[in-house]
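The next block holds one structure in the form of structure tokens; read it before the comments.
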Amino acid sequence: MIEEVGVQCGFRSRSVFFTRFNGYEKMTPRKYMSMFEKKREGDAERIKRRNG
Numbered sequence: 038m039i040e041e042v043g044v045q046c047g048f049r050s051r052s053v054f055f056t057r058f059n060g061y062e063k064m065t066p067r068k069y070m071s072m073f074e075k076k077r078e079g080d081a082e083r084i085k086r087r088n089g
């Protein structure tokens, strides 16, 4: 899945995508996705509590 993002962004090499991503975000793509998923889960939980 992570590799698919790199391909869709025009990277032909997995290693180049990971290096560029890490240089820009200061973390690996996997760690970034994990952070995003945790945030999304937290948002869903807040909405669920608000709506009863």
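Mapping the sequence shown onto the numbering used here, position 49 (from 1) lands on 86, and the numbers just tick up by one.
Using N, Cα and C, we set each Cβ at its ideal position, and we do this for glycine too.
Tell me which residues share the same chain as residue i and place their Cβ nearer than 7 Å to its Cβ, disregarding the 5 neighbours each side in the sequence.
i     : result
VAL53 : none
Under 6 Å Cβ to Cβ from residue i, same chain only, skipping five residues before and after it: list those, please.
i     : result
PHE58 : PRO66
Answer yes or no: do residue i and residue j have a C-beta to C-beta separation smaller than 8 Å?
i     : j     : result
ARG51 : GLY60 : no
TYR69 : GLU62 : yes
How would you write the range of the alpha helix (DSSP H) that residue i sits in, first residue to last?
i     : result
ARG87 : 66-88
ARG57 : 51-62
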